[in-house]
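What follows is a short report on a single structure.
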Amino acid sequence: MSGTRSDGELLRAIAVDRDRRAFEELYRRYAPWLAARLRGRCADPAMVDDVVQETFLAVWRGTARYREEAAAQDAA
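Residues in the sequence shown are numbered consecutively from 336, following our numbering.
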């Protein structure tokens, strides 16, 4: 696939294919943003790192509950 995949495409690849590259791309896309927002609320860098890690761990684990038709409705 050429070009940048949408968030929905990445989530589908993670959920259906357990695609680690898709997960890494989603992480690279959103982890810096999330960490920046958390640093504004928490002065402990280790806590920020833990929360970011736990958030993406929840994404990885939560893809077992992914429903493609619900994701398509959310995108509309």
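Built from N, CA and C at the ideal position, the CB exists for glycine as well.
When secondary structure is reduced to three states using DSSP, G375 falls in the coil class, being assigned neither helix nor strand. Straight across, the Cα-Cα distance linking L361 with D384 is about 16 Å. CA-CA distance, A381 to A366, rounds to 14 Å. Contact between A370 and V387 holds, since their C-beta atoms are separated by about 5 Å, short of 8 Å. T398 counts as buried, since no fewer than 16 other beta carbons sit within 10 angstroms of its beta carbon.
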